[in-house]
Amino acid sequence: MCGFGGYFGSVPDGKALLEKMTVAIAHRGPDELGVFAAPQAGLGHVRLSIVGLGDGQQPMSDATGELTIAFNGEIFNYVELRDELRAKGRRFRTSSDTEVILHLYDEMGEDCVSRLNGDFAFALWDNRRRRMLLARDRMGVRPLFYAMRAGTFYFASEVKALLQVPGLSAEIDPIALDQIFTLWAPIAPRTPFKDVFELEPASLMIADERGVVTRTYWNLEFPERDAPSRHVNEGEAAEELHALLTDATRIRMRADVPVGAYLSGGLDSSIVSALAAGMAPQGLRTFSVTFDSAEHDESAFQNEMASALGTDHRAVACRAGDIAKAFPDVVRYAERPVLRTAPAPLYQLSGLVRDSGLKVVLTGEGADEVFAGYDIFKEARVRRFCGRQPGSRMRPQLFRKLYPYLPGLKQQSSEYLAAFFGAGNDPLDDPLFSHRPRLRGTAATKLFFSGDLRAELAGYDAADELISRLPEAFGRWHPLHQAQYLESRFLLPGYILSSQGDRMAMAHGVEGRFPFLDHRLVEFAAGLPPEMKLKGLVEKHILREATKDLLPPSIGKRTKQPYRAPDSHSFSGPGELDYVRTAMGEEAITAGGLFNAKAVTKLHEKCRTRPASGFRDNAAFVGILSTQLWLQTFTGTSIRAAEAA
Amino acid sequence: MTETIKDSVKAFIIENFLFGDTSYELADTASLIENDIIDSTGVLELVAFLEDRFGIAMADADIVPANLDSLARISAFIKAKSAVPVSA
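Sequence lines, in order, name chains A and B. Note that the numbering used here has the first sequence beginning at 152, numbered continuously upward. Note that the numbering used here has the second sequence beginning at 515, numbered continuously upward.
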């Protein structure tokens, strides 16, 4: 795992720029740095050595010198591909997966990506055809950003590398901000940086003298609602799932360095750890975060699982104040405002992994999208159930069962429960039906937008834009599959894998690997009947069936406990850090121009004096603070002016 | 009296849920939930305010949108509640 940057076009001192770009993302690759500069193209690379330790330096050229690649990520099936290519007479000079891509490209051109099973982003300079190919993995694990400046096309693993390009400066994109404050993430290719874009997952981009073209090479697809399923026998489906997951884990254990695992105490990471432990003859090292607050802490389950597997387990404690201390770094690495503090403990966790001498970890990420684990899937089912009998007092009681960890809901009447979830109000054929309550609740945070920002955004609706991005077949899918698509295609790459995933791990030079996001498993799960995934209100049913022999019953039967971290009250109280007071202060808010200073002052005071804030207030507080930090970090907007006061 | 109740509740809502945004046109009959002014935690805050401000005790059965989901409903509810002593 690594980071890279580069360009296609004319750059006066290309080598110097490449060095600056790569140094800006040196945290992604602390082991080596290399640059390649040709007259019309350049590639720079920082390396985290994991496969081919001694001979995998990048940028890497083929034997002819005509093809040169800068690659971030891993090709997990590189062993099989290399054997195949060798059988065709191809000779390899290194033991790395990087060289496999070069050979495969030489054989197949850009279609080579269809053969890759991995988490990757790469840029490949084809000197023969005078073109730069960019590619990104199917689910969006590895990042890739680009921008055009003065006729030259620039790209990099993180935006901070692009900001080294002369003339390219950071400016917030108001539409992206609206999307974040509605959907939790921008809709790619848009990013929070105006005129900087993101290559979407499963996409290719080719830049040559004619211009730049983008195309998708893979799509997440679900069967039509009424189509007969090929999976009718649950036992057989569970068996196939077990085999696929085992193989997905096996190939993700490939590395020339030790591979560890995150262990949250939940079902998904426990399954991955259990499978990995069986494949690690030297023993598996596992890592987790613990919290002071009982409502967030899962250490009892973590310890139980670590003990059952016999792993060498270490935990980092996220104590009061730790989130606030880490948050400026979190925003700097995430490069986008966030509405939740959940990335911060993951930033601490990757630090623990690195301090423990490891640089690769498996995680259970992706299982909730692929096997319908999130509460929002159950919530949508209950809302549909309520919608069939709008006046029912009994049906809304089910909402209470979904969110036992939300104190605000526990004490509500049936009528209020129905009202909060819009039960019976949202049209059942709304493409965003499953997500409407969340979108409404999140968009309520825009109350704090300044008058100028509201005026600029007048008439814009992020939810409408999301609908416009849905595939034509979407309306013919089962409602559960529609909801899974929304989570998998947008929130997963836009927030989970980026702000909580790649960026927090790579901040400490740690590579996350995700067996549940192996595309074979994703395709298999998409084809399963909805009831095998969400059975009644039991989430991930088929996954539980497939792995019941791997886990202690207390873990295997555990209801999904969403990963959450303390929000606004992480920042408030007597020990409030100076930067929080300054960033949320009237002067800095006014200088930023994005929020209503008087309203933010009241919100700040409310969160400070009443720690039991609701979702809207928490999300608004974290969103505003992270936006203020984003402005300070990337645009230089001073929120320091008030510090002297 | 009714006007006073309404004004007092309105001021609380503007201060606590709209964070002082007086430009928001809060109609007397507008739903506080459907207009995303109040969420599940907010209802509990509202109940605490009403109990403190008007010296009433609200039973679980009182805490329903029919009583609390608009300024007009809250006002009518408080008026009725204040006129009738609360039984345990």
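Beta carbons: idealized from backbone N, C-alpha and C, even for Gly. In this text the structure is predicted, and so the values were computed from the model without any measurement.
Check the Cβ of residue i against every Cβ in chain B and list those closer than 8 Å, keeping chain order.
i      : result
A:A594 : D550
At the level of alpha carbons, what is the spacing between residue i and residue j?
i      : j      : result
A:A796 : A:G185 : With a pLDDT of only 36 at A:A796, under the threshold of 50, the placement of this residue in the model should not be trusted; the figure read from the coordinates follows. Spanning the two alpha carbons is a distance of roughly 46 Å.
A:A792 : A:R289 : Since pLDDT at A:A792 reaches only 43, below the 50 mark, its modelled position is unreliable, and the value read off the structure follows with that caveat. C-alpha separation (whole angstroms): 44 Å.
A:G726 : A:P163 : 50 Å
A:R281 : A:M655 : 36 Å
A:P703 : A:A459 : 8 Å
A:A531 : A:G573 : 10 Å
A:D483 : A:A274 : Correcting the residue type first, residue 483 of chain A is Arg in the shown sequence and not Asp. Taking the straight line from one Cα to the other gives about 24 Å.
A:C263 : A:E351 : 18 Å
A:Q783 : A:L319 : 17 Å
A:V773 : A:D526 : 22 Å
A:W335 : A:S723 : 23 Å
A:R293 : A:R544 : 47 Å
A:I338 : A:W781 : 18 Å
A:A192 : A:M211 : 14 Å
A:K345 : A:H670 : 32 Å
A:R732 : A:K749 : 14 Å
A:Y297 : A:A307 : 6 Å
A:F445 : A:G610 : As written in the sequence, residue 445 of chain A is Ala, which differs from the Phe given in the question. Approximately 43 Å, taken between the alpha carbons.
A:C758 : A:T741 : 20 Å
B:I519 : B:D576 : 17 Å
A:G743 : B:D535 : 19 Å
A:A428 : A:H659 : 24 Å
A:L728 : A:T786 : 22 Å
A:A677 : A:D324 : 34 Å
Can the beta-carbon of residue i be found closer than 7 Å to that of residue j?
i      : j      : result
A:M220 : A:I252 : Reading the sequence as shown, one finds Ile at residue 220 of chain A and not Met. Their beta carbons are under 7 Å apart, which means A:I220 touches A:I252 by this criterion.
A:A634 : A:H393 : no
A:P588 : A:L621 : no
A:F667 : A:V521 : yes
B:T543 : B:A590 : no
B:I551 : B:F531 : yes
A:K711 : A:E690 : yes
A:P547 : A:L513 : no
A:A485 : A:S719 : no
A:G575 : A:P541 : yes
A:F243 : A:E250 : yes
A:S421 : A:I706 : yes
A:T365 : A:M356 : yes
A:T333 : A:L590 : yes
A:G224 : A:G154 : no
Against chain A, does residue i count as a neighbour if the rule is that its beta carbon must be under 7 Å from one of theirs?
i      : result
B:V600 : At B:V600 the pLDDT is 48, less than 50, meaning the model places this residue with poor confidence and gives no usable figure here.
B:T555 : yes
B:V523 : no
B:V578 : yes
B:I547 : yes
Residue i versus chain B: which residues are under 7 Å apart at the beta carbon?
i      : result
A:F772 : Result: empty, since nearest Cβ-Cβ is about 11 Å, beyond 7 Å.
A:R591 : D550
At 8 Å on the CB atoms, spell out the chain A contacts of residue i, in chain order.
i      : result
B:D583 : A570
Does the beta carbon of residue i come closer than 7 Å to any beta carbon on chain B?
i      : result
A:F766 : yes
A:K529 : no
A:L754 : yes
A:L560 : yes
Can you name the residues of chain A whose CB is closer than 7 Å to the CB of residue i?
i      : result
B:G569 : What B:G569 touches in chain A: nothing, since even the nearest Cβ is about 21 Å away.
B:L558 : G559, Q562
Run down chain B in chain order and give the residues with a C-beta less than 9 Å from the C-beta of residue i.
i      : result
A:G744 : Chain B residues near A:G744: none, gap ~17 Å exceeds 9 Å.
A:A750 : L532, F533, G534, D535
A:L598 : F531, L532, F533, D535, Y538, D550, I551
List the residues of chain A that residue i touches, going by C-beta distances under 9 Å, in chain order.
i      : result
B:D574 : Q562, S564
- Query: Are three or more beta carbon pairs between the stretch 176–185 of chain A and the stretch 680–700 of chain A nearer than 8 Å?
  - Reply: no
- Message: For the pair the stretch 409–416 of chain A and the stretch 438–454 of chain A, tell me if three or more CB-CB distances fall below 8 Å.
- Response: yes
- Name, going along the chain, the residues of the stretch 562–582 of chain A whose beta-carbon falls closer than 7 Å to a beta-carbon of chain E. Judged by its chain identifiers, the structure shown contains no chain E, and its protein chains are A and B.
- Message: Whether or not the stretch 457–472 of chain A and the stretch 766–781 of chain A are in contact is what I'm after, with contact meaning three or more pairs of Cβ atoms, one per stretch, closer than 8 Å; do they touch?
- Response: no
- Query: Hey, is the stretch 311–328 of chain A in contact with the stretch 359–379 of chain A, meaning 3+ C-beta pairs nearer than 8 Å?
  - Reply: no
- Would you call the stretch 556–566 of chain A and the stretch 594–610 of chain A touching, i.e. three or more CB-CB distances under 8 Å? no
- Is the stretch 492–510 of chain A in contact with the stretch 471–479 of chain A, if contact means three or more CB pairs nearer than 8 Å? yes
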